[in-house]
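The listed protein sequences correspond, in order, to chains H, S, G and A.
The letter at position 235 of the first sequence is residue 235 when you use the numbering used here, and the numbering goes up by one with no holes.
The letter at position 67 of the second sequence is residue 67 when you use the numbering used here, and the numbering goes up by one with no holes.
The letter at position 114 of the third sequence is residue 114 when you use the numbering used here, and the numbering goes up by one with no holes.
The letter at position 303 of the fourth sequence is residue 303 when you use the numbering used here, and the numbering goes up by one with no holes.
Ideal Cβ placement from N, Cα and C applies to all residues, glycine included.
On a predicted model such as this, the values are computed, not experimentally measured, just so you know.
Structure, as structure tokens:
4 protein chains.
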Amino acid sequence: MNFASDNVSPFCPEILEALSAEAKSNAPAYGGDDISQQLDHAFSELFDKEVAVIPVATGTAANCINLSALVSPYGGIICHHEAHINEDESTGVAFFTGGAKLIAMDGPTAKLEADALDRFVAGQVNRGVHSVAPECVAITQATELGTVYRPDEVAAIGDVCRKHGLRLFMDGARFANAVAHLDCSPADITWKAGVDAISFGATKNGAMAVDAIVLFDTSLKHRVEQARKRSGHLHSKHRYLATQLLAYVKNDVWLKNAAHANKAAATLGDILIGRGASLAHPADGNELFVNLSSELASRLRDAGVMFHPWPSLGADIYRFVAAWNTDIGQITELNTTLG
Amino acid sequence: MNFASDNVSPFCPEILEALSAEAKSNAPAYGGDDISQQLDHAFSELFDKEVAVIPVATGTAANCINLSALVSPYGGIICHHEAHINEDESTGVAFFTGGAKLIAMDGPTAKLEADALDRFVAGQVNRGVHSVAPECVAITQATELGTVYRPDEVAAIGDVCRKHGLRLFMDGARFANAVAHLDCSPADITWKAGVDAISFGATKNGAMAVDAIVLFDTSLKHRVEQARKRSGHLHSKHRYLATQLLAYVKNDVWLKNAAHANKAAATLGDILIGRGASLAHPADGNELFVNLSSELASRLRDAGVMFHPWPSLGADIYRFVAAWNTDIGQITELNTTLG
Amino acid sequence: MNFASDNVSPFCPEILEALSAEAKSNAPAYGGDDISQQLDHAFSELFDKEVAVIPVATGTAANCINLSALVSPYGGIICHHEAHINEDESTGVAFFTGGAKLIAMDGPTAKLEADALDRFVAGQVNRGVHSVAPECVAITQATELGTVYRPDEVAAIGDVCRKHGLRLFMDGARFANAVAHLDCSPADITWKAGVDAISFGATKNGAMAVDAIVLFDTSLKHRVEQARKRSGHLHSKHRYLATQLLAYVKNDVWLKNAAHANKAAATLGDILIGRGASLAHPADGNELFVNLSSELASRLRDAGVMFHPWPSLGADIYRFVAAWNTDIGQITELNTTLG
Amino acid sequence: MNFASDNVSPFCPEILEALSAEAKSNAPAYGGDDISQQLDHAFSELFDKEVAVIPVATGTAANCINLSALVSPYGGIICHHEAHINEDESTGVAFFTGGAKLIAMDGPTAKLEADALDRFVAGQVNRGVHSVAPECVAITQATELGTVYRPDEVAAIGDVCRKHGLRLFMDGARFANAVAHLDCSPADITWKAGVDAISFGATKNGAMAVDAIVLFDTSLKHRVEQARKRSGHLHSKHRYLATQLLAYVKNDVWLKNAAHANKAAATLGDILIGRGASLAHPADGNELFVNLSSELASRLRDAGVMFHPWPSLGADIYRFVAAWNTDIGQITELNTTLG
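Quick look at the structure:
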């Protein structure tokens, strides 16, 4: 079984079906088609607020384009050290923003804490043009370590942002896993909690290649659209981005997929714990960070299980990621196989 | 019938079939999968030379990333005024290159002419750091006006580039249409003619969203891969870019599609000429630029034909673009319908 | 005599005296000193309006930083082909603006004409994110070809800008020469005529190294100061930029210097015309573009006169530039020497 | 007395004299003059190696332009958290490099330690295009906390750089203070120790506005000159940058000034220590970081002494900076005044 990443999964049948249906006819290019025109409405319903939706093919594009509309070229973006934008997107943020600086801070399980954030921001000495003033806070939901911010935790961060005049951005590459875990409304952990814009992930959770920039502050739309075009992220056959997204949110496919992945991760977690492993921290979503004995790690590998060591958390910590298509029955069988 | 653009066409059955087949199983992310690993080989065969292939989802990304590896931030890129990179990609070239300047020149039917290019480059006064020195020439094959460079024309431009120490880049968004028209080998109009790198288009000609950066100078690969990542164009489920590309070049689907589009355009052209229209210039590929009487233009519109006026070429000039899926039978019927 | 450029001149005695006086004592850094604090007031008086002044050491810095506050990274700047920002500042504009595009147009004697500009802007097809929308017009006063816009000409351009929602920027590297020629108030050809910001040149006209960004729209100040800092143009011993500027505008030194240079150019022009030369176009300021016979050109060179051919205007056109320190008596002697 | 910064000092008599002498005659612009042409030779003698010298007006410009030639837009620059490039130059490094990332690490008294650096670099997980690979190490000599690297310490860092294929850059804003302290040859702590390029500071130590980019790897010259021009840092009256620099290094003015500042700082340090203060760490150059009782701090302020608290080092830590013109007699009097 492959727990290396949720990126190893294919796209889901609902999306294949929708793409196939849309492979038969002509339609206007660059978003002028009927399907693309439905996006704003569909996501406004989903978020219970009028939003602007700009789809792109990757999460890095969604994050970086989004941030480029939220900060100036000389501004700072506060994020957790573990943040994907800090650790996994090369120099993308500086490239798209024209030079804005990531200001990394710590916090347990890859989460920023509102109080610590407040102190951190207050402690930033403003030396005018010499220093970099924070303009935005970026959080990831679910986090890079598989934990999930509760609505009140996001809201507390939102309050700190408002207090200091900062934008609040959410990298939602695994937003579905967070919502499925919290069983809350998408609004509760976004605009109602002070979030200005989100990268709404779909690729990891069943799409082929689409994430959506969702703007709760629709005044950002013009800048985002300009940034998307000049960075080569405006697709000519835009309808296929839209088709994926609509099929993804229709009939709660996104939540069904995420709930499945979360459950698969929990099932695997229980099995590993039953065999003496321990979680490095709570596994809220579809990612497990587990302390394994080297013996158990070996036996899992011998049984064909694929997963990554995670040395930044410790020598015996390993990451397992479940996806929308992970076979839970196979996980149970694995338990038997391990003997 | 919709002749507004080849971008209005869907993706072709061969690609749908390949994507469907690849929707069933897991595979490594970010290009580590078996399909992605086949790209270099497949395109090396196609071009009869060892090449490096880096797929991206859009033509603008392919062009701009490519150019960012060919010129310095303070360099100049000579292109035709009509070039897509000059007219249709916003400020993408400057964004990706860090500031390189497009130096536009003229030429009949959107083609650069080797002699004129030679004089133009020779006439650029080198004032050291004050002026912008050309570092690259960019040509489009087939051109934005639907014409095609013959192999000797490209080679003559290649000679001028070599003479002046310039790189030669080809925007091949409609490369297939050019090859189908010329009935030549892909090598003849690329590396054998002095081209360093090409954006090998697929999206307009039957793919969903993929164009390939093909590097004849493979030493550029590292810079291209870095630029792709930081600009958010590295897909996590990379295999679906590769799947599209492989299905596109397998069994000459790309040439079949392009030959069809070219033929459809020619058929339409004959009909229009038979009705008194005239071509603004030779229609080598799948685009027609036609001088229509306002009466004929109206009758076409009344018959449900979609196409764009092209005022930059003249008040009575209109563009018609055929695609891989244009129904030639329907064109013939159109002739009957027009009466 | 050296007519190669006004940049060959040294700095003037008034500035040397002021710098010497300011070389004796300590003072706060980065503009916190008393002298720097006088700039806004001094220039507000000079322009008869409250302005913000941000000094930098070069004209290129003044132009590019200024423009970076006036346009977005995806915007266009309309200027004359001959504009210094287009021809002589490498890729500076794209670098500072993050990618904005220079859109060059023609006009007699390096001047934009309001009517032609109006038609040009109106003729720019807005294709949304695909094309580059003009956001700013940049004019040079005096122009690169030594001509000067009359107040009504600037005002007419200002009206066109207002009509189309464009910013109006003035490169005033030789602003003093223009004001001296027109004998007008500085306000008449700037903010009263619709100019938002100017690069107020001093270096060519008697300073050592300082030009001032003068903002008639003071809301631009924050962005300009941030851009100055991050580009390394904020001097720690800022008072020496301010010292030069204050000495330059005090007692009308700037106008005295410019009037002298203009007069020297005119004197030389008369002599050359008397010997059969003709002006390529009116010489309003301190630059002459002259049609010389090769025989006269040779005799001038033999007499030790330094000047440049200007092939872009024609094979027999030469440029002569006078400066604040050009010895008019020596010009008269030259006439005698030439026999 | 003003110990707020060495930037509060004026420029020194030798430089005033040289500038005055150069204010009398014309000379070619943009570095074509005789004085500018002497720079390479003068600094090659000073460093006992053939170097290329490119002067600019500020330290930030020197640092950022220098770094832009040493790293790619997607590269990383390892520096100390306290580094001026990290703390005091806004987003300049990202702006000039096109997005390169500062990777900050710790070390006692603002110094990087070779062993820790080696482990740090070795510990950077190379995740290909996803992560940012270090390409350069930047150290400051003397450091921002007034300490000085010994030659063997620099050489050890140079070895680590060579081992890992990294460039080594030195911010020498207070290079003179370091050399004066070490009484070594400039070569010993630069190219002989593995340094590729240095920002050779002059402004803080007696110049008006000039720091020199000195390239030990002269192959970087072209990129540096292009970057200087496009960033507006090429002065038209270039000779005045050169004049300052030549007067600064002639007759060891630079070392005389620095030795004086170092001695003034030491004198002040002794007095403060005699009154119960303690140094936060060794004061090698012209900067003191001192632990003062609030009572002593008050008495100093009452006596008209200007200095800054330095809260990042502790609540009772204050910084005093002496300069080339600090009156040592006045420091002694201060001791008397304090009673």
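Asked, Found
"Can you list the residues of chain S that G/S131 reaches, using a CB-CB cut of under 8 Å?", "E87, D88, S90"
"Can you tell which of S/A266, S/I213, S/N335 has the C-alpha that lies nearest to the C-alpha of S/R299?", "S/N335"
"For A/Y240, which residues in chain G fall below 9 Å Cβ to Cβ?", "P10, F11, M208, A209"
"Please list the partners that S/K229 has in chain A, where partner means a Cβ-to-Cβ separation under 9 Å.", "Y74, G128, V129, H130"
"Report the rounded CA-to-CA distance for S/A187 versus S/D48, giving the unit in angstroms.", "7 Å"
"Let me know the beta strand (DSSP E) ranges lying completely inside the region 73-116 of chain G, each 3 residues or longer, listed in chain order.", "76-80, 101-105"
"Measure how close the beta-carbons of A/V71 and A/C161 come, nearest whole angstrom, since I'm counting them as under 8 Å.", "Contact doesn't hold; Cβ gap of about 13 Å is too wide."
"Run through chain A and tell me which residues come within less than 8 Å of S/G99, C-beta to C-beta.", "R230"
"Determine whether the Cβ of A/K250 lies closer than 8 Å to any Cβ atom of chain G.", "no"
"For a cutoff of 8 Å on Cβ pairs, would you count G/E22 as touching chain A?", "yes"
"Looking at chain S, is there any beta carbon in it that lies within less than 8 Å of the beta carbon of H/F95?", "yes"
"Looking only at DSSP bridge pairs, what is H/P309 linked to?", "H/Y318"
"Considering only DSSP beta bridges, list what A/T140 is partnered with.", "A/D171"
"Leaving out five residues on either side along the sequence, give the residues of the same chain with a beta carbon under 6 Å from the beta carbon of H/N2.", "V8, M306"
"Straight-line CA distance for G/V125 to G/S131?", "8 Å"
"Around the C-beta of A/N86, are 16 or more other C-beta atoms found within 10 angstroms, so that it is buried, or is it exposed?", "buried"
"Ignore the nearest five residues each way along the sequence and tell me which others in G/A261's own chain have a CB closer than 6 Å to its CB.", "N286, A322, A323, W324"
"Give the secondary structure of H/N2 by DSSP, where H, G and I count as helix, E and B as strand, and everything else as coil.", "strand"
"Tell me the DSSP bridge mates of H/S199?", "H/D171, H/I213"
"With 7 Å as the limit, tell me which residues of the region 305-321 of chain A have their beta carbon closer than that to any beta carbon of chain G; keep them in chain order.", "none"
"Is the region 145-152 of chain H touching the region 271-290 of chain H, taking contact as three or more C-beta pairs under 8 Å?", "yes"
"On the DSSP letters alone, give me the boundaries of the alpha helix (DSSP H) that H/A57 sits inside.", "Taken as a continuous stretch (DSSP letters only), H/A57 belongs to no alpha helix (DSSP H), as it is neither H nor E."
"Going along chain G in order, which residues have a C-beta closer than 7 Å to the C-beta of A/L16?", "S20, A23"
"Taking Cβ positions, are S/L272 and S/V253 nearer each other than 8 Å?", "no"
"What does DSSP give as the partner residue(s) for G/S278 in the beta ladder?", "G/N291"
"Report yes or no: is there a C-beta of chain S within less than 8 Å of the C-beta of A/L234?", "yes"
"Can you name the start and end residues of the alpha helix (DSSP H) that A/S185 belongs to?", "Premise fails: A/S185 is in no alpha helix (DSSP H) and is neither H nor E."
"Suppose the cutoff is 6 Å on Cβ atoms and the five residues either side in sequence are ignored; what does the same chain contact list for A/L168 look like?", "V137, G158, C161, G194, V195, D196"
"At least one CB of chain G closer than 8 Å to the CB of A/T58: is that the case?", "yes"
"What residue does the alpha helix (DSSP H) around A/C12 start on, and which one ends it?", "From DSSP, A/C12 is part of no alpha helix (DSSP H); its letter is neither H nor E."
"Helix, strand or coil for S/E135 per DSSP?", "strand"
"Could you check where the alpha helix (DSSP H) with S/S25 kicks off and where it finishes?", "Unbroken run through S/S25: none, as it is neither H nor E."
"Do A/L255 and A/G176 have their beta-carbon atoms positioned less than 8 Å apart in this structure?", "For the record, residue 176 of chain A in the displayed sequence is Ala; it is not Gly. Taking 8 Å as the Cβ cut-off, A/A176 and A/L255 qualify as a contacting pair."
"Helix, strand or coil: how does DSSP classify H/S68 here?", "helix"
"My understanding is that S/V53 touches S/V214, with C-beta atoms under 8 Å, so please give their C-beta distance in whole angstroms.", "6 Å"
"Flag H/Q38 as yes if its beta-carbon sits less than 8 Å from any beta-carbon of chain S, otherwise no.", "no"
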